[in-house]
Structures are given as structure tokens and as C-alpha cells.
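J.: Chains as they are written, first to last, in numbering that gives the first Met the number 0: chain A, 0 to 411; chain B, 0 to 264.
To start, I am sharing the structure in question, which I have written as C-alpha cells.
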Amino acid sequence: MPAFSEVLPTLPLARWIERAQTAREDEALTVLRSGRARSMEDFAALLSPTAAPHLEVLAALSQKLTRHFFGNTIRFFAPIYLSNECVNVCKYCGFSRHNAIPRITLPAAKVEDETRLLAGRGFRSLLIVAGEHPKYVSNGYVEECVRRCLPLTPQVALELGPLETAEYAPLVAAGAEGLVVYQETYHEPTYRELHTAGPKKHYAWRLDTPERGHAAGFRRLGIGALFGLHDWRFEAVALAAHARHLLKHCWRSYLTIALPRLRPAAGGFQVSPENILGDRELVQLMCAMRLLLPTTGIVLSTREPAPLRDGLCTLGVTHMSAGSSTEPGGYSHFDESQWTPTRAQPGEQFHIADERPPQIVAAMLRARGLDPVWKDHDLALAGPSHISHALTTTSTSGENSVVLNQALSTKR
Amino acid sequence: MSVLSTQPLVLGGRTFASRLFVGTGKFSSPQLMKETLAACRPALATVALKRADLSGAHDPFADILDFLEPDKYLVLPNTAGALNADEAVRLARLGAASGLPKWVKLEIHPDPNYLLPDPIETLRAAEILVREGFIVLPYINADPVLALRLQDVGCAAVMPLGAPIGSNRGLETRAQIAIIIEQARVPVVVDAGIGRPSHAAEAMEMGADAVLVNTAIAVSPDPVRTAKAFALAVEAGRAAYETGLPSSSTGHASATSPLTAFLNS
Chain A
0 MPAFSEVLPT LPLARWIERA QTAREDEALT VLRSGRARSM EDFAALLSPT AAPHLEVLAA
60 LSQKLTRHFF GNTIRFFAPI YLSNECVNVC KYCGFSRHNA IPRITLPAAK VEDETRLLAG
120 RGFRSLLIVA GEHPKYVSNG YVEECVRRCL PLTPQVALEL GPLETAEYAP LVAAGAEGLV
180 VYQETYHEPT YRELHTAGPK KHYAWRLDTP ERGHAAGFRR LGIGALFGLH DWRFEAVALA
240 AHARHLLKHC WRSYLTIALP RLRPAAGGFQ VSPENILGDR ELVQLMCAMR LLLPTTGIVL
300 STREPAPLRD GLCTLGVTHM SAGSSTEPGG YSHFDESQWT PTRAQPGEQF HIADERPPQI
360 VAAMLRARGL DPVWKDHDLA LAGPSHISHA LTTTSTSGEN SVVLNQALST KR
Chain B
0 MSVLSTQPLV LGGRTFASRL FVGTGKFSSP QLMKETLAAC RPALATVALK RADLSGAHDP
60 FADILDFLEP DKYLVLPNTA GALNADEAVR LARLGAASGL PKWVKLEIHP DPNYLLPDPI
120 ETLRAAEILV REGFIVLPYI NADPVLALRL QDVGCAAVMP LGAPIGSNRG LETRAQIAII
180 IEQARVPVVV DAGIGRPSHA AEAMEMGADA VLVNTAIAVS PDPVRTAKAF ALAVEAGRAA
240 YETGLPSSST GHASATSPLT AFLNS
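Below, the structure written as C-alpha cells:
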């Protein structure tokens with residue numbers, strides 16, 4: 000089975016991108032009238048400048064499909080940064096090796112403390128994020144963090160430097176449920192130019208990470224491009240092609256996509272004007288993705304400002320973070336009542352734009368007729384090593400549940 | 000809300016006045032879900048164990064069970080999210096251990112996009128759970144042989160899909176469901192794909208014992224009113240089935256003068 004890095008050069012990417020730039024208005028309207036993008040050609044037409052004046056129609060179709068497949072719900076999660084140590088040199092990233100920021104790798108006990116804070120705020124789904132550093136962010140360390148976090152939040156996904164399938168296996172066995180890896184840019188020359196040192200400079204190795212994750216048994220895969228590094232229509236078409244490849248080849252994993260835009264960060268990377276993905280274009284892109292991939296999750300982080308998030312959440316988004324800190328240990332320095340940082344966070348990866356506390360974002364969703372779902376996974380699904388022994392017998396007695404849960408918690 | 004008196008449904012040793020089952024996902028708020036269930040008076044409401052707090056601690060961030068009313072309808076735990084038999088069995092055991100009824104709607108869908116059920120894992124989990132004393136209601140594709148296999152291992156009902164979950168496409172598997180209804184000894188509940196009251200009525204007219212509806216109600220602009228419409232449709236379809244429906248024209252002629260009257264002379 001060819002990996003996506005082998006498939007990508009064989010795809011008619013140039014033809015799709017040309018269509019995304021030059022499709023006629025009647026071609027875009029034909030797709031809109033059908034209500035779905037049934038091919039990459041359809042999708043490209045929806046990205047075109049001639050489709051832009053019909054954004055309202057596109058948004059309505061996207062909203063309808065999203066509500067139809069996902070109901071009136073949004074799943075909540077929180078990122079937790081374990082470490083900002085990183086051996087990579089990436090020109091746009093705050094964690095880039097030569098940036099003069101305070102570096103830290105949280106002890107596992109501290110990760111647990113931070114998770115407890117997040118759980119106290121409602122989160123039952125966690126995204127563990129770490130820089131890529133073989134010494135500080137080792138497999139065993141991440142595994143221990145997963146084990147410590149799971150009793151507090153039954154759903155734990157990972158966003159780490161890419162690993163081999165065999166290296167992912169123990170993390171899956173520890174109960175990690177999802178694997179997130181963004182390609183940053185799908186444009187290989189740009190990728191090479193931006194990633195000058197460290198293992199991340201290997202484009203194909205990163206590109207094939209989701210497939211290795213699927214082979215290791217992750218039940219959820221997250222992909223995305225970091226918009227602002229290259230032409231947005233190129234990234235959009237390549238990302239969509241990647242998603243379609245994974246849907247065919249990794250059928251057991253649930254797929255989510257993210258469309259993050261570059262935020263200001265240490266290093267001061269500047270987005271070239273021709274690569275800027277504007278607000279209207281972001282909406283166009285997200286809604287076009289929904290018409291192409293009706294059952295795929297779309298993740299929206301706190302990179303986007305509050306007013307935009309409030310609008311986007313009703314159009315196609317299925318997963319949202321809220322009240323995020325991108326600094327290792329950052330949640331320990333939050334004002335509990337306001338959920339705002341009590342001190343500067345110089346070690347953050349980038350500065351978030353929507354700083355509202357999680358509860359305020361949840362209230363915003365409710366006001367828009369959306370139910371914020373905090374828990375959508377259970378420890379019973381979080382890896383066999385956690386539960387199987389404690390559940391060899393069953394009982395109908397509710398009283399036994401206390402005993403059972405004690406058994407579960409002491410086991411970990 | 001019964002208008003037409005129909006025979007009660009007997010399933011898993013329990014008697015149900017209604018033949019409408021309702022799913023609890025996708026509602027815009029748990030309050031609205033509660034009101035909807037109260038209004039349509041279903042036989043049961045099925046709830047995903049993965050969304051609930053099973054520790055008994057009444058987690059305010061996983062409180063869906065607190066909005067269900069077990070005195071009004073049976074709360075039927077389901078194993079949505081399970082990718083294989085082992086996970087489904089673990090979830091079912093956790094649900095029972097937390098004090099929920101020892102009933103389970105067995106859902107195992109490793110395909111995350113259409114949520115189509117895995118027949119092999121479903122049969123394996125059903126065998127284990129039946130042996131452990133669960134009342135097992137498996138969600139299956141409309142496969143008549145699988146339905147019989149599940150019946151034979153002791154499932155209390157079978158729940159074939161009309162169309163994929165959330166598709167609202169109606170009884171696309173109608174011909175297969177008809178075979179299941181004809182052959183099965185256990186109740187047949189048409190689950191998934193029912194998007195309109197007319198779909199529900201159609202299933203009941205065919206002789207299905209009940210239907211399960213979720214998306215069409217939860218995503219409706221007015222779930223309470225829509226749920227009542229489904230309840231009425233289920234009742235209408237069932238009453239018509241019990242009464243007997245005229246067969247539609249199959250091209251057979253009906254002679255005005257008896258053709259075989261000569262036999263009487």
C-alpha cells in the first residue's frame with residue numbers, strides 16, 4: 000500500500016490548484032447547487048475567487064451538513080504542553096531551537112497537577128503537546144504522562160515529534176487515543192526552506208506519520224496545515240487530498256482536520272502578504288472542506304480571535320479548545336476565577352487570540368444552540384492495560400460501582 | 000399519548016406501552032432532550048456510556064444521566080465508541096456496575112464515518128454478554144443470517160439499520176428487513192436511517208416491533224413536536240399492521256362474475 004508521500008507526486012495537484020484559482024462562476028455554482036463537493040475538482044471550484052461572492056450559500060450548506068452529521072454539539076478539549084525543548088530549527092515556531100526562551104520539560108507529577116486543574120475546569124479530553132527532543136521528550140516520559148493523566152481525563156491525544164510505528168505502540172497501549180501531526184506546509188520546497196535542522200526537516204517522514212499512527216492503533220488522527228507559510232489554495236488542496244487518502248487507507252481511525260493560521264511567536268517570523276489566509280477566505284475554506292468531507296471532524300483552536308470563533312463554531316467546527324496555554328506549566332499560573340494568566344508566559348509556543356475562560360466559551364456555545372460536550376470517551380475504551388483486570392466480573396448493584404472505581408483508581 | 004390502542008411490546012421480559020425508542024445524542028441541550036423524551040413517552044431512551052459519568056459522582060461535565068427519567072422509560076445504555084468486542088464488553092460491564100439496567104444496546108462500529116456495525120465483533124460480544132446475564136439488543140446491518148445467529152446466542156431483539164446512522168434516508172434495506180421480520184423469533188427494532196415519521200410508519204406497517212429514532216428528532220428545529228409526530232406515526236403504523244393492510248395491486252384481476260361458480264352446481 001503506497002504511503003501518501005509516494006502518492007502525492009502522482010496526483011494532478013497543479014490542475015486542481017489552477018481550478019481553485021481560475022474556476023468559472025458557473026462551475027462553482029454547479030457545485031453549490033448540488034450541495035456537496037463530490038470530487039477534488041468540485042472542492043477546488045469552491046475555493047476559487049468566483050465562489051467567494053456566494054459565501055453565504057456555502058456557509059448555509061456547510062452548517063446544514065455539520066448539524067446533520069454531528070448534531071447540535073461541539074466537543075471540547077484542552078492542549079497541555081509538556082515541554083518546549085526542541086532540537087528542530089523551524090523559522091516560524093516559538094520553540095525553534097535557537098530562540099532565546101526559557102526552556103522546561105515538566106516533571107510527570109507536574110503534568111498531572113496541570114491536568115487536575117484542567118479537569119477541574121471541565122475538560123475530559125486532553126491534547127498532550129511537546130517539542131521534539133529525544134533526550135527530554137522520550138517515549139517513556141510521554142507514556143508516564145499519559146498514564147497519570149488518564150484517570151483525570153479519559154481522552155488523551157498526542158501532538159509530538161513523529162515516531163516509528165513500534166514507538167507509538169506503547170503509547171497506544173498506555174491509553175493515548177489520538178495522534179495529531181500537522182504537515183505545516185505541503186509545499187516541499189517551502190518546507191525545506193523553513194525547516195533547516197533537526198529531524199523535522201524530513202518532509203516525507205512527517206507526511207507519512209498519520210499512517211504509522213494508524214498502523215499503531217490510534218483511533219483518531221488529526222492532520223492540518225499551518226496557513227501563512229505558503230499559498231493557501233495550494234495548502235488547502237494538498238490537505239484535502241491527504242485527508243481523502245487517509246480516509247481510504249486508514250479506515251479504522253477517525254479523522255480530524257485543522258486549519259490553523261500562523262500567530263505571532265518568538266522568532267518574529269513574518270507572513271508574506273501573498274500567503275495570508277484572510278478571515279473570509281478561512282470561512283470559505285472551512286465550509287468547502289465540510290462539503291468535501293461531511294463526516295470529518297474540524298478542529299478550531301484558540302489561535303483565532305473570539306468574534307471569529309463565535310461565528311465559525313456554528314458553520315462546520317466539531318472540536319474546540321478553550322482557555323488554552325501554550326507554555327509548559329502555564330495553567331499553574333492562571334487566575335482560577337477568570338482563567339487568565341497571572342504572569343507573562345515567555346516560554347509559550349505562540350500567543351493565543353481567544354483568551355476567554357472555558358466556561359465563557361461554553362456559555363457562548365449554549366447561546367448559539369450548541370451543547371458543549373466535555374466527555375465523549377471512557378476509560379473503558381482507553382487501552383486494555385488499564386481496565387481489563389478490574390472488570391472481569393460484573394454486578395447490577397450500584398453500590399459496587401464505588402468499589403469498582405476504587406479498584407480502577409488504585410490500579411493506576 | 001396513545002390514540003389507537005395497540006398491542007404492547009414485550010421485550011427482554013418487560014412490557015412496553017410504546018414502540019418508539021429514542022436516542023439521546025445530538026440534542027442542543029440536555030434540558031431539551033429531557034423535555035422531548037417526556038413529550039413523546041418512548042419505551043426507552045438509549046444513552047452512550049462514553050458520554051456519561053459512571054462513577055456515581057454526578058460529574059457536572061458528564062451529567063447526561065441526570066437528565067434521564069428511568070421512572071418514565073427504560074434507560075438503555077449503549078456501547079457507541081467501541082471498536083471491537085472487548086471494548087463493548089468492558090463498557091457494558093461498567094454501565095451495569097454503575098447501577099444502570101443490565102441491558103445493553105450493542106453498538107460496535109470500527110468505521111468512524113458511516114458508523115456501520117461490525118458483524119463479527121458484534122456476534123462475539125453478544126455471546127459474552129448474554130452469558131453474563133445481560134439483555135442484549137445488537138445494532139446490525141440488515142443481514143438476515145446474522146440476525147438469526149444473534150437470536151440463537153440469546154439476544155433479546157435484533158436492531159437492523161434502515162440506512163446509516165444519521166442519514167435520514169429511510170428504509171433503504173427494506174427487502175432485507177422484511178426477511179428478518181419474517182424469520183426472527185425475537186422482536187425486530189428498525190434502528191438508524193429513519194428520518195421522517197412516514198419512514199417509521201412504513202417500518203411498523205411491515206411488522207417491525209419498534210423503531211429507534213435519534214437524529215431526525217434531535218436535530219429538528221422543534222424536537223418536542225417532531226418526537227410527538229414520530230410517536231403518532233409509530234402507533235399508526237403498528238395499528239395498521241395489526242389490523243391488516245389491503246395488499247396493493249399486483250396486476251391480479253378480480254372477475255365480476257365468479258369463474259368457479261360451476262363447481263357449486
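Cβ coordinates follow ideal geometry from the N, Cα and C atoms, glycine included.
1. Taking the alpha-carbon positions, what's the A:Glu-166 to A:Gly-160 distance?
2. To which residues of the same chain is A:Arg-262 closer than 8 Å at the C-beta, ignoring the five residues directly before and after it?
3. Per the contact definition of three or more C-beta pairs closer than 8 Å, is the segment 316 to 326 of chain A in contact with the segment 286 to 300 of chain A?
4. Using only the alpha-carbon positions, how far apart do B:Ser-4 and A:Gly-310 sit?
5. Short of 7 Å in beta carbon distance, which residues of its chain neighbour A:Ser-320, apart from the five on each side in sequence? Order them along the chain.
6. Within its chain, find whatever has a CB closer than 6 Å to the CB of A:Ala-237; leave out the 5 residues flanking it on each side and keep chain order.
7. If the cut is a Cβ gap below 8 Å, which residues of chain B does A:Lys-374 touch?
8. Give me whichever residues DSSP pairs with A:Ile-127 in a beta bridge.
9. Do B:Ile-107 and B:Ala-81 have their CB atoms nearer than 7 Å?
10. Mind checking B:Val-21: buried by the 16 CB within 10 Å criterion, or exposed?
11. State yes or no: is the C-beta of B:Phe-60 within less than 7 Å of the C-beta of A:Trp-231?
12. Which full runs of the beta strand (DSSP E) of 3+ residues lie inside the segment 289 to 319 of chain A, going along the chain?
13. Report the residue ranges of all beta strand (DSSP E) runs contained in full by the segment 188 to 251 of chain A; include only those spanning at least 3 residues, in chain order.
14. Counting contacts by CB-CB distance shorter than 7 Å, is B:Lys-104 in contact with chain A?
15. Determine, for B:Val-218, whether the minimum Cβ-Cβ distance to residues of chain A falls below 7 Å.
16. DSSP three-state label for A:Ala-406, please.
17. Could you say which of B:Ser-17, B:Ala-202, B:Lys-25 lies nearest to B:Gly-161 if we only look at CA atoms?
18. Any idea what DSSP makes of B:Phe-66, helix, strand or coil?
19. Would a C-beta distance cut-off of 7 Å place B:Ala-84 and B:Arg-123 closer than the cut-off?
20. With a cut-off of 7 Å, does the C-beta of B:Pro-111 fall near any C-beta of chain A?
21. Are there three or more Cβ pairs, one per stretch, closer than 8 Å when the segment 31 to 38 of chain B is compared with the segment 213 to 223 of chain B?
22. Measure the alpha-carbon distance for A:Ala-189 versus A:Ser-4 and round it to whole angstroms.
23. To the nearest angstrom, how far is the alpha carbon of B:Pro-245 from that of B:Ala-238?
24. Using the rule of at least 16 other Cβ atoms within 10 Å of the residue's Cβ for burial, across every protein chain shown, is A:Asp-334 buried or exposed?
25. Does the beta carbon of A:Thr-317 come closer than 7 Å to any beta carbon on chain B?
26. Roughly how many whole angstroms lie between the Cα atoms of A:Val-270 and A:Leu-276?
27. If the cut-off is 8 Å on Cβ atoms, which residues from the segment 56 to 85 of chain A count as contacting chain B, listed in chain order?
28. With distance defined between alpha-carbon atoms, name the residue in B:Gln-6, B:Asp-62, B:Ile-139, B:Val-2 nearest to B:Val-189.
29. In three-state DSSP terms, what is B:Met-158?
30. Take the Cβ of B:Arg-130 as the centre, count every other Cβ of all protein chains shown within 10 Å, and call the residue buried at 16 or more, exposed below.
T.: If we stick to the structure as given:
1. Translated into the one-based positions of the first sequence, residue 166 of chain A becomes position 167. Translated into the one-based positions of the first sequence, residue 160 of chain A becomes position 161. So the two alpha carbons sit approximately 11 Å from each other.
2. Position 263 of the first sequence, counted from the first residue, corresponds to residue 262 of chain A. Correct list, in chain order: Arg-302, Phe-349, His-350, Ile-351, Ala-352.
3. yes
4. Along the second sequence, read from residue 1 onward, the residue named residue 4 of chain B stands at position 5. Along the first sequence, read from residue 1 onward, the residue named residue 310 of chain A stands at position 311. Each residue's alpha carbon lies about 48 Å from the other.
5. Translated into positions along the first sequence, residue 320 of chain A becomes position 321. Result list for A:Ser-320: Phe-76, Ala-77, Pro-78, Ser-300, Thr-301, in chain order.
6. Locating residue 237 of chain A in the first sequence gives position 238, where the first residue counts as 1. Tyr-185, listed in sequence order.
7. For the purposes of this step, residue 374 of chain A is taken as residue 375 along the first sequence, with counting starting at 1. Near A:Lys-374 (Cβ distances below 8 Å), the residues of chain B are Lys-49, Arg-50, Ala-51, Asp-52, Asp-58, Phe-60, Ala-61.
8. Looking up residue 127 of chain A in the first sequence gives position 128. Note: A:Ile-127 sits in a beta bridge opposite A:Ile-79, A:Leu-157.
9. Numbered from its first residue, the second sequence carries residue 107 of chain B at position 108. Numbered from its first residue, the second sequence carries residue 81 of chain B at position 82. Pairing B:Ile-107 with B:Ala-81 gives a Cβ-Cβ distance under 7 Å.
10. For this step, residue 21 of chain B is matched to residue 22 along the second sequence. That one is buried.
11. By 1-based counting over the second sequence, the position of residue 60 of chain B is 61. By 1-based counting over the first sequence, the position of residue 231 of chain A is 232. Contact: no.
12. 296 to 299
13. 194 to 196, 219 to 223
14. The sequence position of residue 104 of chain B within the second sequence is 105, counting from 1. Not an interface residue.
15. Stepping through the second sequence from its first residue, residue 218 of chain B is reached at position 219. Interface residue, yes.
16. Locating residue 406 of chain A in the first sequence gives position 407, counting from the first residue. The predicted position of A:Ala-406 is uncertain, since its pLDDT is 34 and thus under 50; a value taken from the coordinates is nonetheless stated next. A:Ala-406 falls in the helix class under three-state DSSP.
17. Position 162 of the second sequence, counted from the start, is the residue given in the question as residue 161 of chain B. Comparing Cα-Cα distances from B:Gly-161 to each of B:Ser-17, B:Ala-202, B:Lys-25, the minimum goes to B:Ala-202.
18. As a position in the second sequence, residue 66 of chain B is number 67, starting the count at 1. Here DSSP, grouped into helix, strand and coil, assigns B:Phe-66 to helix.
19. To locate residue 84 of chain B, count along the second sequence from 1; it is residue 85. To locate residue 123 of chain B, count along the second sequence from 1; it is residue 124. Yes, these two residues count as a Cβ contact at 7 Å.
20. Your numbering for residue 111 of chain B matches position 112 in the second sequence. At least one chain A Cβ lies under 7 Å of B:Pro-111.
21. yes
22. As a working mapping, residue 189 of chain A is identified with position 190 in the first sequence. As a working mapping, residue 4 of chain A is identified with position 5 in the first sequence. In the sequence as displayed, the identity of residue 189 of chain A is Thr instead of Ala. The straight-line gap from Cα to Cα measures roughly 16 Å.
23. Taking the first residue of the second sequence as 1, we reach residue 245 of chain B at position 246. Taking the first residue of the second sequence as 1, we reach residue 238 of chain B at position 239. Roughly 13 Å separates the two Cα atoms.
24. On the first sequence, residue 334 of chain A is found 335 positions in, with the first residue counted as 1. Label assigned to A:Asp-334: exposed.
25. In the first sequence, residue 317 of chain A corresponds to position 318, counting from 1. Not closer than 7 Å to any Cβ of chain B, the Cβ of A:Thr-317 fails to qualify, so no.
26. Here residue 270 of chain A refers to the residue found at position 271 of the first sequence. Here residue 276 of chain A refers to the residue found at position 277 of the first sequence. When rounded, the distance between both Cα atoms is 10 Å.
27. Arg-66, His-67, Phe-68, Phe-69, Gly-70, Asn-71, Thr-72
28. Locating residue 189 of chain B in the second sequence gives position 190, counting from the first residue. Ranking B:Gln-6, B:Asp-62, B:Ile-139, B:Val-2 by Cα distance to B:Val-189 puts B:Ile-139 first.
29. Counting from one through the second sequence, the residue named residue 158 of chain B turns up at place 159. It is a strand residue.
30. Position 131 of the second sequence, counted from the first residue, corresponds to residue 130 of chain B. Exposed, since its Cβ has fewer than 16 Cβ neighbours within 10 Å.
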